[in-house]
Amino acid sequence: DVKVTQSSRYLVKRTGEKVFLECVQDMDHENMFWYRQDPGLGLRLIYFSYDVKMKEKGDIPEGYSVSREKKERFSLILESASTNQTSMYLCASSPLWGTKNIQYFGAGTRLSVL
Amino acid sequence: AQKITQTQPGMFVQEKEAVTLDCTYDTSDQSYGLFWYKQPSSGEMIFLIYQGSYDEQNATEGRYSLNFQKARKSANLVISASQLGDSAMYFCAMREGTWDTNAGKSTFGDGTTLTVKP
């Protein structure tokens, strides 16, 4: 069964803290993604990775960085959390090649920055 | 210009009736894919149905069907015999291209919240 696991469902952090959001997939997918979801704005791509140590900026990379040291794990890092980064964060994975490239999502992490 | 447009922020449907959720898209690629996802209040995005740009027949998955009108660039989701558990937010998404490293990227619409009334 397909599985994408995000380390936390809910997270509360303080302004200025360094925050790590972890995502692990067990489907041997090449692609992994981090999205941010805010009401009325749909899903916005922060970063994606198509291979180990490879990363590409998405639509809203400012204030975020990522790390992919192993194929199954993709981490999103907020170097210095700010209140405008309070949001729902979704991780997804998909195969690199193929006609469908269906993305499979984790359960999401609701981050509050106080 | 927005690549995926979902014009219905919210929809209501009576239980057991059919409902259509609208999605229009914009692309100059010949090869692309269209997806619908469901997001219940729990937050997890669930893949529902896929339509490829070269598929001649409309995709169907159980009670879900995709009304694909290529010339009009629309990919509406039809849910037949609505159930209370169908209440959720629904997202339309598009993948452009096929065989490059950007092929996995998808663009999502803003979503439609569907409420099924008993």
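Residue numbers (this note's numbering), protein chains in the order written: chain A, 1 to 114; chain B, 1001 to 1118. Where is the CB? At the ideal position from N, CA and C, for every residue including glycine.
Sequence-distant residues of the same chain with beta carbon closer than 7 Å to residue i, five excluded per side
| i | result |
| --- | --- |
| aspartate 51 of chain A | Glu30 |
With 16 other Cβ atoms within 10 Å as the buried cut-off, status of residue i
| i | result |
| --- | --- |
| glycine 40 of chain A | exposed |
| arginine 1119 of chain B | The shown model of chain B, from 1001 to 1118, leaves out residue 1119 of chain B, and the question about it has no answer. |
| glycine 1085 of chain B | exposed |
| lysine 53 of chain A | exposed |
| glutamine 103 of chain A | buried |
| alanine 1059 of chain B | buried |
| phenylalanine 1012 of chain B | exposed |
| lysine 1105 of chain B | buried |
| phenylalanine 1068 of chain B | buried |
Minimum Cβ-Cβ distance from residue i to chain B less than 7 Å
| i | result |
| --- | --- |
| leucine 43 of chain A | yes |
| isoleucine 60 of chain A | no |
| lysine 119 of chain A | Here chain A comprises residues numbered 1 to 114, so residue 119 of chain A is not present and cannot be evaluated. |
| phenylalanine 74 of chain A | no |
| alanine 137 of chain A | Outside the displayed span of chain A (1 to 114) sits residue 137 of chain A, for which this structure offers no information. |
CB contact check: residue i to chain A, cutoff 7 Å
| i | result |
| --- | --- |
| glutamate 1044 of chain B | yes |
| tyrosine 1064 of chain B | no |
| phenylalanine 1047 of chain B | yes |
| glycine 1010 of chain B | no |
| tyrosine 1032 of chain B | no |
| tyrosine 1025 of chain B | no |
| glycine 1111 of chain B | yes |
| arginine 1072 of chain B | no |
| tyrosine 1090 of chain B | no |
| phenylalanine 1108 of chain B | yes |
Chain-order list of residues whose beta-carbon lies under 6 Å from that of residue i (same chain, five-residue window excluded)
| i | result |
| --- | --- |
| glutamine 25 of chain A | Val4, Glu72 and Ser93 |
| aspartate 1010 of chain B | The amino acid at residue 1010 of chain B is misidentified as aspartate; the sequence shows glycine. Answer for glycine 1010 of chain B: Thr1113, listed in chain order. |
CB contact flag (residue i, residue j, <7 Å)
| i | j | result |
| --- | --- | --- |
| tyrosine 1090 of chain B | threonine 1107 of chain B | no |
| phenylalanine 1047 of chain B | alanine 1093 of chain B | no |
| valine 142 of chain A | threonine 86 of chain A | Beyond the ends of chain A as shown, which are 1 and 114, falls residue 142 of chain A; an answer cannot be given. |
| valine 1078 of chain B | threonine 1020 of chain B | yes |
| tyrosine 1032 of chain B | serine 1065 of chain B | no |
| glutamine 1008 of chain B | lysine 1117 of chain B | no |
| leucine 90 of chain A | glutamine 37 of chain A | yes |
In DSSP terms, what residue i is bridged to
| i | result |
| --- | --- |
| threonine 1007 of chain B | DSSP output for threonine 1007 of chain B lists no bridge partner at all. |
| alanine 1034 of chain B | What sits at residue 1034 of chain B in the sequence shown is leucine, not alanine. DSSP lists B:Gln1051 and B:Met1094 as partners of leucine 1034 of chain B. |
| glycine 42 of chain A | A:Asp38 |
| lysine 1117 of chain B | B:Gln1014 |
| alanine 1075 of chain B | B:Phe1068 |
Cutoff 8 Å; reference residue i; Cβ partners in own chain excluding five residues on either side
| i | result |
| --- | --- |
| proline 61 of chain A | Ile46 and Tyr47 |
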